[in-house]
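Peer 1: Following this message is one structure expressed as structure tokens.
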Amino acid sequence: MTKEGKETGNHGRRKIAILLLIIIVISAVVGLYAYVTYKKTHISTDDAFVDGRIHTISSKIPGTIQNVHVHDNEFINKGAILVDLDEKDYTVRVNQAMSALDAEKSKLSEFETNIEVTRKKLSELIFLVTSAHANLKLREAELRQSDLDFKRIATLYTKKIATEEQFEKTKTLHAVASVRREAAEAQVKQSKASLETQHAVIKQTESAYNAQKSKVKQKEELLAAEELQKSYTKIYAPIDGYITKKNVETGNQIQAGQPLMAVVPLDDIWITANYKETQIERVKPGQKVDIRIDTYPGKVFHGTVHSIMAGTGSVFSLFPPENATGNYVKVVQRIPVKIIMDNTPVTDHALRIGMSVVPTIVVEQ
715 MTKEGKETGN HGRRKIAILL LIIIVISAVV GLYAYVTYKK THISTDDAFV
765 DGRIHTISSK IPGTIQNVHV HDNEFINKGA ILVDLDEKDY TVRVNQAMSA
815 LDAEKSKLSE FETNIEVTRK KLSELIFLVT SAHANLKLRE AELRQSDLDF
865 KRIATLYTKK IATEEQFEKT KTLHAVASVR REAAEAQVKQ SKASLETQHA
915 VIKQTESAYN AQKSKVKQKE ELLAAEELQK SYTKIYAPID GYITKKNVET
965 GNQIQAGQPL MAVVPLDDIW ITANYKETQI ERVKPGQKVD IRIDTYPGKV
1015 FHGTVHSIMA GTGSVFSLFP PENATGNYVK VVQRIPVKII MDNTPVTDHA
1065 LRIGMSVVPT IVVEQ
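Just so you know, we're using the working numbering here: the sequence shown kicks off at 715 and counts up by one.
Below, the structure written as structure tokens:
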């Protein structure tokens, strides 16, 4: 090859190298511009996970497990029986409460009968008082008439017109009328006293009746409480969902409030994304979100920013940070953001709480 040919070849290669370098520089500039533009309009974090509601199942009463009707990871419907507790002790207590209630009701019936008797007697005494008043008026009228007759006969006897026999007879009749009037007045007083006594008896009887009613009510409340306690021997599912963290078996002795299992509904899930506090300024509810789930690589799902937590995650931790000490190191805080998925992306509830997620919020179009 001649010297001129070599120079021509070298010159061509230099032109190709320069062209490639220009292309690389332009591509880098375009890529950098695209990256910077993307970062301005999108906010991402890998500190995110699938979240949902976990319904912890526990017993309201202590007891012994008689039956467990569910298995791990089983889907159950709301209202399904999860666990039965041995109800023998609670049945005994219910029966005792029923017996006590029946006894108090029997006493209440006796008081009701006593009230009926005392009220009937009161009616009779009222009638007697009325009759005694009527009899007193009659005797007073008789006495007034006897006074007139006695005065008239006495005048005639003084004038020797009436005989001594007539005078004595009239005098006797006047005395009898006076005695009858006094007897009638005494009868009125006695009947009034009996009526007042009967009023007191009725008041006392009604007071005892009301006290007995209170006892019956207490026994009814006790029975209702015992029946309620017995109803707690059956534990039902509060919602549709999957059984998780089941740690109870037949024969176990449990205490009130002891966690037995959890029910997790997978039809109501969301994303909890912990964004840095320096990113939150541009995050607003309603913004669209691109969601990538580690379980389904290559797929992009979509959601919407629902809300931003009212504090950082560390503030609501079990042991909040104490920054009043002298050894303070500033750490960028993270604030949880709730993201609602537009629709469940995978059938058969394939998403599980706790799955890792990378959400990207589109802050600007």
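By construction, the Cβ of each residue, glycine as well, lies at the ideal position given by its N, Cα and C atoms. None of these values were measured; they are calculated from a predicted model.
Locate the alpha helix (DSSP H) running through Leu-980, then write down its first and last residues.
Peer 2: Here residue 980 corresponds to residue number 266 of the sequence shown, with the count starting at 1. No alpha helix (DSSP H) holds Leu-980; DSSP gives it neither H nor E.
Peer 1: Per DSSP, which one or two residues make a beta bridge with Lys-1052?
Peer 2: Along the sequence shown, one-based indexing puts residue 1052 at 338. Bridge partners of Lys-1052: Thr-986, Ser-1021.
Peer 1: My understanding is that Val-808 touches Glu-941, with C-beta atoms under 8 Å, so please give their C-beta distance in whole angstroms.
Peer 2: By one-based count along the sequence shown, residue 808 stands at place 94. By one-based count along the sequence shown, residue 941 stands at place 227. At roughly 6 Å, the Cβ-Cβ gap stays under 8 Å, so Val-808 and Glu-941 are in contact.
Peer 1: How is the alpha helix (DSSP H) around Arg-894 delimited, first residue to last?
Peer 2: To locate residue 894, count along the sequence shown from 1; it is residue 180. Run containing Arg-894: 878-945, per the alpha helix (DSSP H) assignment.
Peer 1: In this structure, what does DSSP give as the bridge partners for Arg-1006?
Peer 2: Residue numbering aside, residue 1006 sits at position 292 when the sequence shown is read from its first letter. Arg-1006 is bridged to Val-1072.
Peer 1: Tell me which same chain residues have a C-beta within less than 7 Å of the C-beta of Thr-992, skipping the five on either side of it?
Peer 2: For this step, residue 992 is matched to residue 278 along the sequence shown. Hits under 7 Å: Val-1046.
Peer 1: Tell me which residues share the same chain as Met-812 and place their Cβ nearer than 8 Å to its Cβ, disregarding the 5 neighbours each side in the sequence.
Peer 2: For this step, residue 812 is matched to residue 98 along the sequence shown. Correct list, in chain order: Leu-937.
Peer 1: So, helix, strand or coil for Thr-759, using DSSP?
Peer 2: On the sequence shown, residue 759 is found 45 positions in, with the first residue counted as 1. Correct three-state label for Thr-759: coil.
Peer 1: DSSP on His-847, reduced to helix/strand/coil?
Peer 2: For the purposes of this step, residue 847 is taken as residue 133 along the sequence shown, with counting starting at 1. Reduced to three states, the DSSP call for His-847 is helix.
Peer 1: Taking DSSP as the reference, what is the three-state secondary structure of Phe-789?
Peer 2: Here residue 789 corresponds to residue number 75 of the sequence shown, with the count starting at 1. Three-state result, Phe-789: strand.
Peer 1: Could you tell me if Ala-891 is buried or exposed, where buried requires 16 or more neighbouring beta carbons within 10 angstroms of its beta carbon?
Peer 2: Numbered from 1 along the sequence shown, position 177 holds the residue referred to as residue 891. When all chains shown are included, Ala-891 counts as buried.
Peer 1: Please state if the CB of Phe-825 and the CB of Tyr-923 are separated by a distance shorter than 9 Å.
Peer 2: Counting from 1 along the sequence shown, the entry for residue 923 is found at position 209. Counting from 1 along the sequence shown, the entry for residue 825 is found at position 111. In this structure, Phe-825 lies closer than 9 Å to Tyr-923 by Cβ.
Peer 1: Starting from the C-beta of Phe-841, find all residues in its chain whose C-beta is less than 7 Å away, skip the five residues before and the five after it, and write them out in chain order.
Peer 2: Position 127 of the sequence shown, counted from the first residue, corresponds to residue 841. If we look at Phe-841 and ignore the five residues flanking it on each side, it has no Cβ neighbours.
Peer 1: May I ask which residues mark the beginning and end of the beta strand (DSSP E) holding Thr-992?
Peer 2: To locate residue 992, count along the sequence shown from 1; it is residue 278. Taken as a continuous stretch (DSSP letters only), Thr-992 belongs to no beta strand (DSSP E), as it is neither H nor E.
Peer 1: Taking 8 Å as the limit between beta carbons, can you name the residues of its chain near Arg-833, skipping five residues before and five after?
Peer 2: For the purposes of this step, residue 833 is taken as the residue at position 119 of the sequence shown. Here the set comprises Ile-916.
Peer 1: Using the rule of at least 16 other Cβ atoms within 10 Å of the residue's Cβ for burial, across every protein chain shown, is Tyr-989 buried or exposed?
Peer 2: Looking up residue 989 in the sequence shown gives position 275. Result: buried.
Peer 1: Give the C-beta separation of Pro-952 and Lys-792 to the nearest angstrom, bearing in mind that I take them to be a contact with Cβ-Cβ under 8 Å.
Peer 2: In the sequence shown, counting from the first residue as 1, residue 952 sits at position 238. In the sequence shown, counting from the first residue as 1, residue 792 sits at position 78. Confirmed, Cβ separation roughly 7 Å.
Peer 1: Compare the C-alpha of Asn-828 against each of Ala-742, Ile-1007, Gln-912 and name the closest.
Peer 2: For the purposes of this step, residue 828 is taken as residue 114 along the sequence shown, with counting starting at 1. Closest by alpha carbon: Gln-912.
Peer 1: Per DSSP, what kind of secondary structure is Gly-745 in: helix, strand or coil?
Peer 2: What you label residue 745 is simply residue 31 of the sequence shown in a count that begins at 1. It is helical.
Peer 1: Nearest to Gln-967 by alpha carbon, out of Asp-800, Ala-762, Asp-760?
Peer 2: Position 253 of the sequence shown, counted from the first residue, corresponds to residue 967. Of Asp-800, Ala-762, Asp-760, the residue nearest in Cα terms is Asp-800.
Peer 1: In the structure shown, what three-state DSSP assignment does Gln-972 receive?
Peer 2: Here residue 972 refers to the residue found at position 258 when the sequence shown is read from its first residue. Coil.
Peer 1: Give the C-beta separation of Ile-985 and Met-1055 to the nearest angstrom, bearing in mind that I take them to be a contact with Cβ-Cβ under 8 Å.
Peer 2: Taking the first residue of the sequence shown as position 1, residue 985 is located at position 271. Taking the first residue of the sequence shown as position 1, residue 1055 is located at position 341. Indeed, because the Cβ distance is near 7 Å, the residues count as touching under 8 Å.
Peer 1: Who are the Cβ neighbours of Asp-803 in its own chain at under 8 Å, not counting the five residues just before and after it?
Peer 2: If you number the sequence shown from 1, residue 803 lands on position 89. Taken in chain order, the residues that qualify are Gly-777.
Peer 1: Is Lys-960 closer than 9 Å to Val-1076 when the C-beta atoms are compared?
Peer 2: Working through the sequence shown from its first residue, we reach residue 1076 at position 362. Working through the sequence shown from its first residue, we reach residue 960 at position 246. Contact: no.
Peer 1: Report yes or no: do the region 765-777 and the region 895-911 share at least 3 C-beta pairs separated by less than 8 Å?
Peer 2: They do not touch, by the three-pair rule.
Peer 1: Taking DSSP's pairing of strands, which residues face Leu-799 in a bridge?
Peer 2: Here the question's residue 799 lines up with position 85 in the sequence shown. Leu-799 is bridged to Ile-779.
Peer 1: Please name the residue or residues paired with Asp-765 in a DSSP beta bridge.
Peer 2: Numbered from 1 along the sequence shown, position 51 holds the residue referred to as residue 765. Residue pairing by DSSP puts Asp-765 in a beta bridge opposite Trp-984.
Peer 1: Relative to the C-alpha of Leu-815, which residue among Ile-1067, Lys-927, Ala-876 is closest?
Peer 2: Counted from its first residue, the sequence shown places residue 815 at position 101. Of the listed residues, the one whose Cα sits closest to Leu-815 is Lys-927.
Peer 1: Applying the 10 Å Cβ sphere with the 16-neighbour rule, what's the burial state of Glu-818?
Peer 2: Stepping through the sequence shown from its first residue, residue 818 is reached at position 104. Buried, since its Cβ has 16 or more Cβ neighbours within 10 Å.
Peer 1: Between which residues of its own chain and Val-962 is the CB-CB distance below 8 Å, once the five residues before and five after are set aside?
Peer 2: By 1-based counting over the sequence shown, the position of residue 962 is 248. The residues are Ile-779, Val-782, Val-797, Ile-968, Leu-974, Met-975.
Peer 1: Reducing DSSP to helix, strand and coil, say where Lys-729 ends up.
Peer 2: Here residue 729 refers to the residue found at position 15 when the sequence shown is read from its first residue. Helix at Lys-729.
Peer 1: Would you tell me roughly how many angstroms separate the C-alpha atoms of Thr-877 and Glu-854, rounded to the nearest one?
Peer 2: Translated into positions along the sequence shown, residue 877 becomes position 163. Translated into positions along the sequence shown, residue 854 becomes position 140. Computed Cα separation, rounded: 27 Å.
Peer 1: Nearest to His-1016 by CA position, among Ala-846, Ile-1022, Ile-1005, is which residue?
Peer 2: Mapped onto the sequence shown, residue 1016 falls at position 302. When each option's Cα is compared against that of His-1016, the closest is Ile-1005.
Peer 1: DSSP puts Lys-948 in a beta bridge; with which residues?
Peer 2: Here residue 948 corresponds to residue number 234 of the sequence shown, with the count starting at 1. Answer is Asp-798.
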